[in-house]
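Notes follow the structure.
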Amino acid sequence: MMAAPEVFVSLLDGRTAASPTAGPAEHDIMADLNLDQVVNAVAGDREQRDLIIQTLSQVPADVATVRYRHEVFRDLEDPGLLRAAARFAEQMRSVRVHLGQLSKMDSAHQREGWFLDAAVIYCDAVRALAAALASAPVASRALRAFRDYLAAYVESARFAGLASDAAARRDELARVMYQVRIKGLRVEVSRYDGEPDYSAEIEKTFERFQQGAAKDYRVRYRTWPGMTHVGAWIAELVARLFPGEFTALREFCQRHAAFQDPVISQFDRELQFYLAYLDYVRPLRSAGLGFCYPELTGDSKDILARDTFDLALAARLVPAGQPVITNDFHLGGRERVIVVSGPNQGGKTTFARTFGQLHHLATAGCPVPGTAARLFRYDRIFTHFEREEDISDMTGKLENDLLRIQKALLEATPRSIVIMNEIFTSTTVSDARFLGEKVVTKVIELDLLCVYVTFVDELASMGPTVVSMASTIAPDNPAERTYKVVRKPADGLAFALAIADKHGVTYRQLIGRLTS
Amino acid sequence: MKAHLLYPDRDFDFEAGPPPAGDDLIQDLELSTLLHTMAAGDNFLLDISTRVLLAGLTDPDGIRYRQRVLADCMAEPQVIRTMYDITVAALQDKRRAWGFFSSQYPTSILSGAINQLEVLIVRLRELRQIADEHVAKFRSPGLTALLQTLQLELDDDYFETLNHHLRELRFRNGELMSARLDRDNSGIEYVLRSGQARRGWKERLGMEPRSVYSFTIPPRDEAGSQALQDMASRGINLVANAAAQSADHVSSYFTVLRAELGFYVSCLNLGDALTARDQPVAFPDPSPPGTTEWSCTGLRDASLALRADHVVGNDVDADGKPLVIITGANSGGKSTFLRSAGLAQVMMQCGMFVTAASLRASTCRQVFTHFIREEDPEMVSGRLDEELKRMSTIADHIDRGCVILFNESFAATNEREGSEIARQVVRALLEAGIRVLFVTHQFDFADGFRRERPDSTLFLRAPRQPGGRRTYKLAVAEPLPTSYGEDIYRRIGGWLGEQTADS
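Going line by line, the protein sequences match chains U and W. The opening residue of the first sequence carries number 1 in the working numbering; numbering runs sequentially from there. The opening residue of the second sequence carries number 517 in the working numbering; numbering runs sequentially from there.
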């Protein structure tokens, strides 16, 4: 026995009232985690770009909304339904563009023609989506409610009348053909009476003037939108020559003035969020990468992720045909801090970003990279990645670094996440160790979840809350990085000279390159 | 007719791509501040200045050729700016002559081409007039030759010939065409029909009544006649195409002249901005490539001088020192000095003045920079890997006679390993005849060169003043094994609630 049908409210949020949000994540943090790249690429140049960016950047305040969005994402895993939804969205966009242009059209005949065109597209879009929803397996509360709504709408007399009327008008107008004669400023319009084609002859006459490579000044004709007033006068005369067709068109426009259904329009806007994210994810899935629906915990800091990866990085590697290395992590019991050390170019930074990305995307209600994930419902993420030096900042890089870290650590709460990547590199090892210990001490004091990337090995052994993870190397080729980051003690190995050798910039290699 | 303001014997190649290290230079030397001041809000000048700045000369005579032109410009700024304005106006007129809708109409393309030629000729006359009035005021070979050429080539006979051709080019036609309705009921699929109205046989036999509606565009209805012209001209697309191509050749001279004058106008803009901030400028004295001369007094970072007050100038004598290592306090002006040296080199080699009381320097084939960078946005590389990869790219292009500036390079690993990499790289560069300036906090690296090459290395240090205050003036001094992280931590109050030194 099915539950009573739900009334469709929203694709993004199951409740009637607008959801409170925890507010947008800060720009710097999105940039540090490369989430700005993800959000930008997902939103692309879509019409609902702002809505998509807002939905992906703002973290909903409750777990229920996350679950509601997960259901919709799961339904759209059906390829047939996804295709239908994308096609529908494209057509609805076209309808909106059409109608938006009407106010710029001075000629009634032009407006009416364009309005008819919008209606034709709309009818097609609605019927196609209704058919797709009726035949697809739909389980989400949001899509089930919308499917029922749409089925009833398509059956309504109002919609059936609109559709048949539009098709008839379109056929009639397509058969109209006329001719225009211009004599100075005088214009004559009549039905086309069979004069022969003259342009081919003209073209042939002037063909000989064509030169070799030179800028092409031939005009690509496209006058729409914006019929000229002369075009409007001509349309007026054409309407007199073909009164039946044009009168029927006018009556159509009056009869169906407000043909768009507001609920369908809202559905279409919110659908953009899902389509955009799935478009972004699709090539990655095709490349064999997993996405999962994470569990969010609000009370426990036992978290894990399996086969996860940096989404922004994967979105670059996959189109280039390069492999994406996946990683696992988990924290249990008193464990809170992951100190990542090990060889450079070993995926440490990527690992740190991945940790932050997962938490953010999960909280926005999206499927996240990985085959399984349980993540913490945080209040704020703090990041510290090295910034480019800026000469307008006279206080110096290190002081700037410390001020930023100080600010973050003073604002963090026990529900916050802190992600730091190789800070203090522009000073000495002893400074880096001194300051790194200060940071980790504070993190432990606050009971924060934290990922700390460093080359200072000592930080990995600061007590039971600290877990040491390290990037790894291939045993047979130390210059070849595996990009695997695994749980193991910090071993003090860095492979700087091996990398220098890989790039051909050791002393011996450089002498050979520069003096040859 | 040639402009030849940047080279005595050829045009500047504004199409050439930037040198391999160009993007790094712009970013690392903060060239954009300088370039935007030169451009004064004009994107065209920005582009021109960028291209000229990045394509420096190595030949001291070539540099002096530009210095002389620039000195003329600074003596008669109003004449130069007027000439530049004429070229800008000429090309603006040319663009306006096309009209906003005109590119949709072949008839307009045709008349537009004619209009263009007409306005360009007006501007050519103005240039000739400038030449007549001011040629005697200039001393530089570059400007003198330009103005004399204008007088010679643009004589009165030539203008007469041009006008004759313009009168011949006017063309009008009327058209008959069929059409269908587009989805918005406007006309589409215009097909030009025979101009001679032949009645269909049915009509001639009176079998079918012919209904014709007509209207006449009011004579003052410009838009209407434009629209009509659009429809009427669709058939003569190719004719207009051929006509318009000839107009292009005439305007190319203005394009070249505008670009070359534009560089000097940009220099005037920069000079004005620096003067307004009481910053000294001087023409540097370039020495031939291959020498190792580099000495300055009062050298400032030009970009910083445009943005900050109280910029301190440095006096440095590095003659005979292929390696300069700069160490010392963070925030002590190390990077600023490094940028000032790079900027001065680049400015000198494109013929500009520098922000210093004096500078004598060997020219170099090219300036390279290797500065600490933000996390690679491509993320494919780790930090050190990215630095070494950049170093490798530089090694592909750098050569004897180049200069390279390092800023905190190879510090993405620990100090011992970073020092070792830096040592190997710098040693190889020096042996290959490349001059090196290196800002570093890595004591191990700096001290190694102090022991190995005390005579051919200049050590500068950003000093820390008593009481923790810092100046930006560098002193000749050997590196010290100290760091300041703990100081700063205590000064800003930390985050663990410890007692701070200041409180």
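Yeah, the Cβ is synthetic: ideal placement off N, Cα and C, and Gly gets one too.
Against W:Phe-731, what residues of chain U qualify as contacts under a CB-to-CB distance less than 8 Å, listed in chain order? Here residue 731 of chain W is taken as the residue at index 215 of the second sequence, counted from 1. Those are Arg-186, Val-187, Trp-233, Leu-237, listed as they occur along chain U.
Against chain W, does U:Asp-117 count as a neighbour if the rule is that its beta carbon must be under 9 Å from one of theirs? Walking along the first sequence from the start, residue 117 of chain U turns up at place 117. It does: the Cβ of U:Asp-117 has a partner Cβ on chain W nearer than 9 Å.
For W:Phe-853 and W:Thr-813, the rounded distance between their alpha carbons: Reading the second sequence from its first residue, position 297 is the one you call residue 813 of chain W. Reading the second sequence from its first residue, position 337 is the one you call residue 853 of chain W. Between W:Thr-813 and W:Phe-853, the C-alpha separation is close to 12 Å.
Separation of W:Glu-968 from W:Ala-834, as counted between CA atoms: Position 318 of the second sequence, counted from the first residue, corresponds to residue 834 of chain W. Position 452 of the second sequence, counted from the first residue, corresponds to residue 968 of chain W. Answer to the nearest angstrom: the Cα atoms are 18 Å apart.
Confirm, please, whether the CB-CB distance from U:Ala-408 to U:Phe-382 is below 9 Å. Working through the first sequence from its first residue, we reach residue 382 of chain U at position 382. Working through the first sequence from its first residue, we reach residue 408 of chain U at position 408. Yes, these two residues count as a Cβ contact at 9 Å.
With distance defined between alpha-carbon atoms, name the residue in W:Val-992, W:Met-693, W:Asp-671, W:Arg-816 nearest to W:Asp-746. For the purposes of this step, residue 746 of chain W is taken as residue 230 along the second sequence, with counting starting at 1. Comparing Cα-Cα distances from W:Asp-746 to each of W:Val-992, W:Met-693, W:Asp-671, W:Arg-816, the minimum goes to W:Met-693.
Where U:Ala-119 and U:Gly-290 are concerned, what is the direct C-alpha to C-alpha distance, given to the nearest angstrom? What you label residue 119 of chain U is simply residue 119 of the first sequence in a count that begins at 1. What you label residue 290 of chain U is simply residue 290 of the first sequence in a count that begins at 1. Looking at the two C-alpha atoms, the distance is approximately 41 Å.
Residue from W:Arg-823, W:Ala-991, W:Asp-648 with nearest C-alpha to W:Thr-665: In the second sequence, residue 665 of chain W corresponds to position 149, counting from 1. Among W:Arg-823, W:Ala-991, W:Asp-648, the Cα nearest to that of W:Thr-665 is on W:Asp-648.
For U:Asn-421, list the residues DSSP reports as bridge partners. In the first sequence, the residue the question calls residue 421 of chain U occupies position 421. DSSP, once it has assigned bridges, lists U:Val-453 as partnering U:Asn-421.
Name the DSSP beta bridge partners of U:Lys-442, please? The residue you call residue 442 of chain U lines up with position 442 of the first sequence. DSSP output for U:Lys-442 lists no bridge partner at all.
Three-pair Cβ contact test at 8 Å for the stretch 347-364 of chain U versus the stretch 300-312 of chain U: yes
Quick one: what's got a C-beta closer than 6 Å to W:Ser-819's C-beta in the same chain, skipping five residues either side? Counting from 1 along the second sequence, the entry for residue 819 of chain W is found at position 303. The residues are Glu-546, Thr-549, Leu-550.
From U:Ser-19 to U:Val-263, what does the alpha carbon distance come to, in whole angstroms? Within the first sequence, residue 19 of chain U is the residue found at index 19, counting from 1. Within the first sequence, residue 263 of chain U is the residue found at index 263, counting from 1. Note on U:Ser-19: pLDDT 48, under 50, position unreliable in the model; the coordinate value appears next. About 19 Å.
8 Å Cβ cut-off: residues of chain W touching U:Met-420: The residue you call residue 420 of chain U lines up with position 420 of the first sequence. Residues of chain W passing the Cβ test: none, with the nearest at roughly 12 Å.
So W:Tyr-1005 contacts chain U; which residues on that side make the cut at Cβ distance below 8 Å? The residue given as residue 1005 of chain W occupies position 489 in the second sequence. In chain order: Leu-402, Phe-434, Leu-435, Lys-438.
Between the alpha carbons of W:Ala-555 and W:Val-781, how many angstroms are there, rounded? Along the second sequence, read from residue 1 onward, the residue named residue 555 of chain W stands at position 39. Along the second sequence, read from residue 1 onward, the residue named residue 781 of chain W stands at position 265. Computed Cα separation, rounded: 9 Å.
Since I believe U:Ser-190 is in contact with U:Leu-143 (beta carbons under 8 Å), could you give me their beta-carbon distance rounded to a whole number of angstroms? Locating residue 143 of chain U in the first sequence gives position 143, counting from the first residue. Locating residue 190 of chain U in the first sequence gives position 190, counting from the first residue. Their Cβ separation, rounded to whole angstroms, is 55 Å, which puts U:Leu-143 and U:Ser-190 out of contact at 8 Å.
Would you kindly check if the distance between the Cβ of U:Glu-386 and the Cβ of W:Arg-1023 is under 9 Å? Outside the displayed span of chain W (517 to 1019) sits residue 1023 of chain W, for which this structure offers no information.
What's the gap between the Cα of U:Arg-334 and the Cα of W:Ala-962? The count along the first sequence starts at 1 and reaches residue 334 of chain U at position 334. The count along the second sequence starts at 1 and reaches residue 962 of chain W at position 446. Rounded to the nearest angstrom, the two C-alpha atoms are 44 Å apart.
Residues bridged to W:Arg-876 by DSSP? Taking the first residue of the second sequence as 1, we reach residue 876 of chain W at position 360. Partner residues in the beta bridge of W:Arg-876, as assigned by DSSP, are W:Asp-801, W:Ser-811.
is_contact[W:Gly-867, chain U] using C-beta, thresh 9 Å: Sequence index remark: in the second sequence, residue 867 of chain W carries index 351 (1-based). It does not: the Cβ of W:Gly-867 has no partner Cβ on chain U nearer than 9 Å.
Tell me, to the nearest whole angstrom, how far the beta carbon of W:Leu-607 is from that of W:Arg-774; I am working on the premise that it is less than 8 Å. The count along the second sequence starts at 1 and reaches residue 607 of chain W at position 91. The count along the second sequence starts at 1 and reaches residue 774 of chain W at position 258. Sure, about 6 Å apart at Cβ, within 8 Å.
Tell whether a beta-carbon distance below 9 Å holds between W:Asp-609 and W:Thr-885. Indexing the second sequence from 1 puts residue 609 of chain W at position 93. Indexing the second sequence from 1 puts residue 885 of chain W at position 369. No; because the gap between Cβ atoms is not below 9 Å, this pair is not in contact.
For W:Asp-700, write down the residues that DSSP places opposite it in a beta bridge. Residue 700 of chain W sits at position 184 when you count from the first residue of the second sequence. Bridge partners of W:Asp-700: none, in fact.
Is the stretch 525-541 of chain W touching the stretch 839-846 of chain W, taking contact as three or more C-beta pairs under 8 Å? With the rule of 3 Cβ pairs closer than 8 Å, the stretch 525-541 of chain W does not count as touching the stretch 839-846 of chain W.
Quick one: grab the DSSP three-state call for W:Phe-528. Start at 1 with the first residue of the second sequence, and residue 528 of chain W comes out as number 12. Looking at W:Phe-528 - three-state DSSP - the assignment turns out to be coil, as it is neither helix nor strand.
Are there 16 or more other CB atoms within 10 angstroms of the CB of U:Met-30, so buried, or fewer, so exposed? For the purposes of this step, residue 30 of chain U is taken as residue 30 along the first sequence, with counting starting at 1. Buried is the call here.
When you compare the CB of W:Gly-1010 with every CB in chain U, is at least one pair closer than 9 Å? For the purposes of this step, residue 1010 of chain W is identified with residue 494 of the second sequence, where counting begins at 1. Interface flag for W:Gly-1010 against chain U is set, since a Cβ pair is found closer than 9 Å.
Can you find a C-beta in chain U that's less than 9 Å from the C-beta of W:Lys-989? For the purposes of this step, residue 989 of chain W is identified with residue 473 of the second sequence, where counting begins at 1. Cβ-Cβ to chain U under 9 Å: no for W:Lys-989.
Grab me the residues of W:Val-755's own chain with a C-beta within less than 6 Å of its C-beta, minus the 5 sequence neighbours each way, in chain order. Indexing the second sequence from 1 puts residue 755 of chain W at position 239. Any answer about W:Val-755 is weak, because its pLDDT of 45 lies below 50 and its placement is not dependable; what the coordinates show is given next. Once the five neighbours on either side are set aside, W:Val-755 has no close Cβ partner at all.
What residues in its chain sit with their C-beta under 8 Å from that of W:Pro-593, if we drop five residues either side in the sequence? As a position in the second sequence, residue 593 of chain W is number 77, starting the count at 1. Cβ within range, chain order: Leu-784.
Boundaries (first-last residue) of the alpha helix (DSSP H) holding U:Arg-334: Along the first sequence, one-based indexing puts residue 334 of chain U at 334. It is not in any alpha helix (DSSP H) - U:Arg-334 carries neither H nor E in the DSSP assignment.
So is U:Asp-261 in contact with chain W if we call contact Cβ pairs under 9 Å? Locating residue 261 of chain U in the first sequence gives position 261, where the first residue counts as 1. So, not an interface residue.
Does U:Thr-349 get closer than 9 Å to chain W when you measure Cβ to Cβ? Taking the first residue of the first sequence as 1, we reach residue 349 of chain U at position 349. With 9 Å as the cut-off, U:Thr-349 counts as an interface residue toward chain W.
Let me confirm a value: W:Leu-633 is counted as buried when at least 16 other C-beta atoms fall within 10 Å, else exposed. Which label applies? Working through the second sequence from its first residue, we reach residue 633 of chain W at position 117. It counts as buried.
Considering Cα atoms alone, identify which of U:Phe-259, U:Cys-292, U:Gly-463 is closest to U:Ile-338. In the first sequence, counting from the first residue as 1, residue 338 of chain U sits at position 338. That would be U:Gly-463, whose Cα lies nearest to the Cα of U:Ile-338.
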